[in-house]
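Heads up: the protein sequence lines correspond to chains A and B, in order. Quick note: the first sequence, position 38, residue 970 per the working numbering, numbers continuous. Quick note: the second sequence, position 583, residue 593 per the working numbering, numbers continuous.
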Amino acid sequence: MSVSLTYAYYPGCSSTGTSIEYDMSSRAICAALDITLTDVPNWSCCGSTPAHTVDHTLSSALSARNLCQVASMGLTAAVTPCPSCLSNLKTAQHRMKNDSFREKVSKLLDKPADITVETKSVLQILVEDYGIEKIKAKVTKPLTGLIVAAYYGCIMNRPAEIMNFDDREHPMAMDNIMTALGATVVPFPLKVECCGASFGIPRKDVVMRLSGKLLDTAKEMGAMALVTACPLCQMNLDMRQEQINSANGSKHHMPIFYFTQLMGLAFGLSEKELGIDKLCVNPRSVINALGMEGDSKEKSQ
Amino acid sequence: MKIGVFVCHCGSNIEGTVDTAAVAAAAREFPGVAFATDTMYTCSEPGQEEIVNAIKEHQLDGVVVASCTPRMHEQTFRRTVERAGLNRYLFEMANIREHVSWIGKDREANTNKATELVRMAASKLLHNRPLLSKQFDINKRVLIIGGGVAGIQAALDCAEGGLEVILVEKTTTIGGKMAKLDKTFPTVDCSCCILGPRMVDVAQHPNITLYAYSEIEEVSGYVGNFEVKVKKKATYVDWDKCTGCGICMTKCPSKKATDFFNEGIGKTTAINIPFPQAIPKKAKIDANFCMKLQKGKCGICAKVCPSGCIDFTQQDEFVTEKVGAIVAATGFDLFDWTVYGEYGGGRYPDVITSLQYERMLSASGPTGGHIKRPSDGKEPKNVVFIQCVGSRDKSVGRPYCTGFCCMYTAKQAILTKDHLPEAQTYVFYMDIRATGKNYDEFTRRAMEEYNAKYIRGRVSMIYPKGDSLLVRGADTLMGTQVEVDADLVVLAVGADSSAGAAGLAEKLRISYDSYGFYMEGHPKLKPVETNTAGVYLAGCCQGPKDIPSSVAQGSAAASKVLGLFSKDKLASDPQVSVVDIKRCIGCGKCIKTCPFGAIKEIDFRGMKKAEVIETVCQGCGICTSTCPQGAAQLQHFTDNQILSEVNALCQF
Ligand SMILES: Cc1cc2nc3c(=O)[nH]c(=O)nc-3n(C[C@H](O)[C@H](O)[C@H](O)COP(=O)(O)OP(=O)(O)OC[C@H]3O[C@@H](n4cnc5c(N)ncnc54)[C@H](O)[C@@H]3O)c2cc1C
Ligand code: SF4
Ligand code: SF4
Chain A
933 MSVSLTYAYY PGCSSTGTSI EYDMSSRAIC AALDITLTDV PNWSCCGSTP AHTVDHTLSS
993 ALSARNLCQV ASMGLTAAVT PCPSCLSNLK TAQHRMKNDS FREKVSKLLD KPADITVETK
1053 SVLQILVEDY GIEKIKAKVT KPLTGLIVAA YYGCIMNRPA EIMNFDDREH PMAMDNIMTA
1113 LGATVVPFPL KVECCGASFG IPRKDVVMRL SGKLLDTAKE MGAMALVTAC PLCQMNLDMR
1173 QEQINSANGS KHHMPIFYFT QLMGLAFGLS EKELGIDKLC VNPRSVINAL GMEGDSKEKS
1233 Q
Chain B
11 MKIGVFVCHC GSNIEGTVDT AAVAAAAREF PGVAFATDTM YTCSEPGQEE IVNAIKEHQL
71 DGVVVASCTP RMHEQTFRRT VERAGLNRYL FEMANIREHV SWIGKDREAN TNKATELVRM
131 AASKLLHNRP LLSKQFDINK RVLIIGGGVA GIQAALDCAE GGLEVILVEK TTTIGGKMAK
191 LDKTFPTVDC SCCILGPRMV DVAQHPNITL YAYSEIEEVS GYVGNFEVKV KKKATYVDWD
251 KCTGCGICMT KCPSKKATDF FNEGIGKTTA INIPFPQAIP KKAKIDANFC MKLQKGKCGI
311 CAKVCPSGCI DFTQQDEFVT EKVGAIVAAT GFDLFDWTVY GEYGGGRYPD VITSLQYERM
371 LSASGPTGGH IKRPSDGKEP KNVVFIQCVG SRDKSVGRPY CTGFCCMYTA KQAILTKDHL
431 PEAQTYVFYM DIRATGKNYD EFTRRAMEEY NAKYIRGRVS MIYPKGDSLL VRGADTLMGT
491 QVEVDADLVV LAVGADSSAG AAGLAEKLRI SYDSYGFYME GHPKLKPVET NTAGVYLAGC
551 CQGPKDIPSS VAQGSAAASK VLGLFSKDKL ASDPQVSVVD IKRCIGCGKC IKTCPFGAIK
611 EIDFRGMKKA EVIETVCQGC GICTSTCPQG AAQLQHFTDN QILSEVNALC QF
């Protein structure tokens, strides 16, 4: 047996709120796979979109601070479930390859910025470091009969030079995991399209249009559910699905899972651990169709 | 020795950052220098006269010109000193333009560096000896590699000029890409109708020997006397007997073979003749698909062939040809567009290449000239063309413009409307490059008379929607996003260098750029020459170009060959290695290291010695650094000459 994988874990702010179920399920499946996640001590927000739209140096300093925290743990690799956090971490690292930029950041940190830590997403470590074959071996309750569309969002793989993961236009990482779990994956053409992201607040109509298109296309392709890897995508598609329906006159009832939740189900973990009950669009009928009747406690609720 | 030094201003090219008068003044103090001056344009007529006069007036017996690169004007000045009665090798050039003035701005530092380069040249000149060329015979046969339109043109022009021509073509037929085209811009005349007769001329010309389905294995020798080994690849058909009747094709049960000629639109039989007008019209078996060759069963073609030409045991054959000149005309290949994930990366059957579309438009093509969607055979209504796929795109490593895609896209838009009057065409473009004669008028016609909708912008994504494709892009003139529902998408895929171009260049000892296109001798003044004497270029192997330009280059290369062969003898380059027989100990090391096999062992009064074959030596100098005795010396670059340069530079 190979040595077990160990990473510094950077949850990101959404993990403490809107995407808590992503955090829960990520931790749960990693534990099930014997992957050690150690929380980064005293981590701070990555600044998300607002920070880097205002100031590149300040925004990078936020990520650089977290990277220093990782280095202080004596670990060389950090992992986060959130592609937006990852994008900020990686962009900061990319910018800091420039010496004068790195100096500016170091000045803000009052210490030299770290340039040694490797950053990856949870999805990336699963396919690149752990391996699909081994994931397949862990499946105890195959998702046979479940038809899903894998939706990566627009920043998981792009810009390719910075994210350096899978194919920028046609990623397959989640598709392959879903297939390994026994699910059927439809060839979803809008895999890397934008969901509208943070326009949900200033320009809701944009999200209604863009996310609406994702739901329409997934349905057209025959998907029973969408699988996501991004808190913002998941929120737009799940929490706003009713708003989308009323804005577009559609009647979607499409569960929006995190891929980690489906992995957990296939590994036989409890729905509770995976935060299935946190989803807005009720996935019950889809899960029941798999012959998984859910946690007994939940059923009685 | 009395040396004259001429320091050139090159207008302001050199004088701008080098104090040429100061360089000349410094040169006057160098050993042997009897005269030094700066001049405005040394290469001009008055400039050359100044050299001739100075030689006479000051009885100079050696000249240094400090100016541009020797690649530019070494020959010019060698002729100048020759006119004044000096041996052409009593001349040295110091490159103070490319190596000094163009690369540094500091006038003082530049002036110092230029002075040192002149000092080196003058010191070497003190050790130079007159050298004389010998005359040698030339073989007036020419090899042309590649039978596209450029190679065909070169072959016919040479053959008409009375030369014996060997034409080597990689595939089973000549014609190249042009044979695959339906019509040609800007006249929309039938490609096969204008090319076909020329292909027939090649077949019938008594001076042309055609090796089809053959490749160059090895090239040795030098200008006037090349020896070329040609590999005739096994076709499993005896071409001396094959009449091209095509009966074998009708009976072959293996019908799923890749149809290379039709660019994979449709399939063909394992034994096939690529198209009716093929030259030579001979059948070949594709071993990968032949049941007999794969599994030992079948052999039907052998039974039905009326001429008994099938030979399943045929092997590759080699022939050696001696020629005096070579023309490379190996054309181009299409860029592998599947790297574009946003266009589906090859996943959508109704996204095709421009060349596949040409085959579809062609009446003798796999669809009989009907435009049909590969997915379901339906006639498309909306046809979207995307230009610059693999051209002008740094992100895929192809920053250059292919140059002819704008034009053929306009042609294809026009032809689409001719075939399907109800269809609507859309063209996504970056700019329209239509700079040839009648070209801009042609693209305008596509827009104005054939109602092609031109949208300036790139396509960001193609994805299936129902049974059509949604093409999403930017309209940068309107500043909006556009989405077009397309039934068929045609990608104007750019040109790559032809497969194997670099390997062939190495055999021919010619240079190629980072994309594999062959380098011309000079970008303006030697467009069809290479840096290897006797090797010429024609067509797209030198860079993407359209048919008129490819044909023009074919003729230009032919005229260069005819010019070369207009002499009966060529002068050899005396800058070759010479073994000093007194020093040679016969160890044979040089014989082993010489990459050109230019050194042979001889018996000299019972002793083993090395001797250089003058005409084969390329002057690379490897033997001179191999020889432990310093017996092998490269003329004009002897150890003494080089050391004198080093000493001049390192005197302090
Ligand atoms: C879709 C499309 C449409 C076009 N339409 C037009 C048009 O309408 N008008 C126009 O002017 N131009 C057009 N062009 C451009 C035209 O195709 C080229 O200008 C022309 O084919 C160049 O001729 P060539 O002989 O240099 O190269 P090619 O046509 O590529 O011929 C090269 C030949 O050399 C052979 N070869 C390659 N390597 C070797 C080797 N190592 N040994 C031996 N043989 C070798 C090849 O098999 C081929 O037969 C079009 C191009 C495309 C892609
Ligand atoms: S290496 Fe020198 S010594 Fe040896 S055979 Fe060649 S020339 Fe003679
Ligand atoms: S210089 Fe020497 S090694 Fe080079 S080609 Fe001539 S003989 Fe051969």
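Where is the CB? At the ideal position from N, CA and C, for every residue including glycine. On a predicted model such as this, the values are computed, not experimentally measured, just so you know.
Do you know how far the Cα of P196/B is from the Cα of D71/B?
-> Working through the second sequence from its first residue, we reach residue 71/B at position 61. Working through the second sequence from its first residue, we reach residue 196/B at position 186. Using only the alpha carbons, I get a separation of about 60 Å.
Answer yes or no: the CB of M188/B versus the heavy atoms of ligand 1, is any distance below 8 Å?
-> What you label residue 188/B is simply residue 178 of the second sequence in a count that begins at 1. Yes.
Closer than 9 Å by beta-carbon distance: list the chain B residues that pair up with T1205/A, in chain order.
-> Working through the first sequence from its first residue, we reach residue 1205/A at position 273. Looking at the sequence itself, residue 1205/A is Glu, so the reference to Thr does not match. Residues of chain B passing the Cβ test: none, with the nearest at roughly 36 Å.
Residues in its own chain within less than 6 Å of V1059/A by CB, not counting five upstream and five downstream?
-> As a first step, residue 1059/A must be located in the first sequence, where it is residue number 127. Closer than 6 Å at Cβ, skipping near neighbours: A1105.
Can you give me, in chain order, the residues of the region 593 to 613 of chain B that have a beta carbon less than 8 Å from any beta carbon in chain A?
-> Answer in chain order: no residues at all.
Identity of the residues DSSP links to N235/B by a beta bridge = Position 225 of the second sequence, counting from 1, holds the residue named residue 235/B. According to the DSSP secondary-structure assignment, N235/B is paired through a beta bridge with Y232/B.
Is it buried or exposed for N1214/A, if we count other Cβ within 10 angstroms and need 16 for buried?
-> Within the first sequence, residue 1214/A is the residue found at index 282, counting from 1. Around the C-beta of N1214/A, fewer than 16 other C-beta atoms lie within 10 Å, and the residue is accordingly described as exposed.
Is there at least one non-hydrogen atom of ligand 1 closer than 8 Å to the beta-carbon of C255/B?
-> For this step, residue 255/B is matched to residue 245 along the second sequence. No - ligand 1 has no heavy atom lying nearer than 8 Å to the Cβ of C255/B.
Is V178/B near ligand 1, in the sense that its beta carbon is under 8 Å from a heavy atom of that ligand?
-> For the purposes of this step, residue 178/B is identified with residue 168 of the second sequence, where counting begins at 1. True, at least one ligand heavy atom lies under 8 Å from that Cβ.
Is L1142/A close to chain B, meaning its C-beta is less than 9 Å from at least one C-beta of that chain?
-> Here residue 1142/A refers to the residue found at position 210 when the first sequence is read from its first residue. No, its Cβ sits nowhere closer than 9 Å to a Cβ of chain B.
Can you pull the chain B residues whose beta carbon is under 7 Å from the beta carbon of P1121/A, in chain order?
-> Locating residue 1121/A in the first sequence gives position 189, counting from the first residue. Ordered by position in chain B, the residues that pass the 7 Å Cβ test against P1121/A are Y473, P474.
Minimum C-alpha distance to T426/B - residue among G387/B, I381/B, T648/B, Y410/B | In the second sequence, residue 426/B corresponds to position 416, counting from 1. Scanning G387/B, I381/B, T648/B, Y410/B for the CA closest to the CA of T426/B turns up I381/B.
DSSP beta-bridge partners for P80/B?
-> By 1-based counting over the second sequence, the position of residue 80/B is 70. DSSP output for P80/B lists no bridge partner at all.
Should S951/A be labelled buried (16 or more other beta-carbon atoms within 10 Å of its own) or exposed?
-> Counted from its first residue, the first sequence places residue 951/A at position 19. Within 10 angstroms of the beta-carbon of S951/A lie 16 or more other beta-carbons, which makes it buried.
Residues in its own chain within less than 6 Å of E1164/A by CB, not counting five upstream and five downstream?
-> On the first sequence, residue 1164/A is found 232 positions in, with the first residue counted as 1. Rather than Glu, the amino acid found at residue 1164/A in this sequence is Leu. A1129.
Kindly indicate if chain B contains any beta-carbon less than 9 Å away from that of T1116/A.
-> Counting from 1 along the first sequence, the entry for residue 1116/A is found at position 184. With 9 Å as the cut-off, T1116/A does not count as an interface residue toward chain B.
Grouping DSSP H, G and I as helix and E and B as strand, with all else coil, what is S947/A?
-> Working through the first sequence from its first residue, we reach residue 947/A at position 15. Residue state, collapsed to three classes: helix.
Report the neighbours of D1099/A on chain B: residues whose CB is nearer than 7 Å to its CB, in chain order.
-> One-based indexing of the first sequence puts residue 1099/A at position 167. Neighbours of D1099/A in chain B, taken as residues at a C-beta separation under 7 Å, are given in chain order as G351.
Compute every distance between the C-beta of T194/B and the non-hydrogen atoms of ligand 1, then say whether any falls below 8 Å.
-> Looking up residue 194/B in the second sequence gives position 184. Result yes, Cβ under 8 Å from ligand 1.
By the 10 Å Cβ neighbour count, where 16 or more other Cβ atoms means buried, how is N1020/A classified, buried or exposed?
-> Here residue 1020/A is taken as the residue at index 88 of the first sequence, counted from 1. Buried is the call here.
Whose C-alpha, out of S133/B, P140/B, D556/B, K242/B, is nearest the C-alpha of Y418/B?
-> The count along the second sequence starts at 1 and reaches residue 418/B at position 408. The shortest Cα separation from Y418/B among S133/B, P140/B, D556/B, K242/B belongs to D556/B.
Roughly how many angstroms lie between the CA atoms of V399/B and W347/B, to the nearest whole one?
-> Along the second sequence, read from residue 1 onward, the residue named residue 399/B stands at position 389. Along the second sequence, read from residue 1 onward, the residue named residue 347/B stands at position 337. Answer to the nearest angstrom: the Cα atoms are 7 Å apart.
What are the start and end residues of the beta strand (DSSP E) that includes G483/B?
-> Along the second sequence, read from residue 1 onward, the residue named residue 483/B stands at position 473. In the DSSP assignment, G483/B falls within the unbroken beta strand (DSSP E) covering 478 to 485.
Run of the beta strand (DSSP E) containing M3/B, from where it starts to where it stops = The question about residue 3/B has no answer, for chain B in this structure spans 11 to 662.
Inter-residue spacing [alpha-carbon to alpha-carbon] between L1222/A and I1188/A | For the purposes of this step, residue 1222/A is taken as the residue at position 290 of the first sequence. For the purposes of this step, residue 1188/A is taken as the residue at position 256 of the first sequence. If I take the Cα positions, the gap works out to 16 Å.
Within 8 Å: the Cβ of V503/B and any heavy atom of ligand 1?
-> By 1-based counting over the second sequence, the position of residue 503/B is 493. V503/B: yes, Cβ under 8 Å from ligand 1.
Is C945/A close to chain B, meaning its C-beta is less than 9 Å from at least one C-beta of that chain?
-> Working through the first sequence from its first residue, we reach residue 945/A at position 13. When Cβ-Cβ separations below 9 Å define contact, C945/A makes no contact with chain B.
With distances taken between CB atoms, is the gap from Y221/B to I162/B smaller than 9 Å?
-> Stepping through the second sequence from its first residue, residue 221/B is reached at position 211. Stepping through the second sequence from its first residue, residue 162/B is reached at position 152. By the CB criterion at 9 Å, Y221/B and I162/B fall outside the cutoff.
Got a sec? Which residues, its chain only, sit under 7 Å from K1052/A by beta carbon, not counting five neighbours each side?
-> Reading the first sequence from its first residue, position 120 is the one you call residue 1052/A. Once the five neighbours on either side are set aside, the close Cβ partners of K1052/A are A1009, V1011.
Pairwise C-alpha distance: S111/B and E118/B | Numbered from its first residue, the second sequence carries residue 118/B at position 108. Numbered from its first residue, the second sequence carries residue 111/B at position 101. For E118/B and S111/B, the gap between their C-alpha atoms comes out near 11 Å.
Which value, in whole angstroms, describes the spacing of the CA atoms of Y1062/A and L937/A?
-> Locating residue 1062/A in the first sequence gives position 130, where the first residue counts as 1. Locating residue 937/A in the first sequence gives position 5, where the first residue counts as 1. Cα atoms of Y1062/A and L937/A: separation of roughly 8 Å, rounded to the nearest angstrom.
Other residues of its chain near G446/B: CB distance less than 8 Å, five sequence neighbours each side excluded = For the purposes of this step, residue 446/B is taken as residue 436 along the second sequence, with counting starting at 1. Hits under 8 Å: P196, M417, D556, P558.
Could you tell me if the beta carbon of M417/B falls within a distance shorter than 8 Å of some heavy atom in ligand 4?
-> Annotation note on ligand 4: not contained in the displayed structure, which lists ligand 1, ligand 2 and ligand 3 as its ligands.
Report buried or exposed for A1069/A, applying the criterion of at least 16 other Cβ atoms within 10 angstroms of its Cβ.
-> Taking the first residue of the first sequence as 1, we reach residue 1069/A at position 137. Exposed.
Straight-line CA distance for D48/B to T79/B?
-> Here residue 48/B refers to the residue found at position 38 when the second sequence is read from its first residue. Here residue 79/B refers to the residue found at position 69 when the second sequence is read from its first residue. Pairing D48/B with T79/B, the inter-Cα distance amounts to about 17 Å.
C315/B, buried or exposed, once every other Cβ within 10 Å from all chains shown has been counted against 16 | Numbered from 1 along the second sequence, position 305 holds the residue referred to as residue 315/B. It counts as buried.
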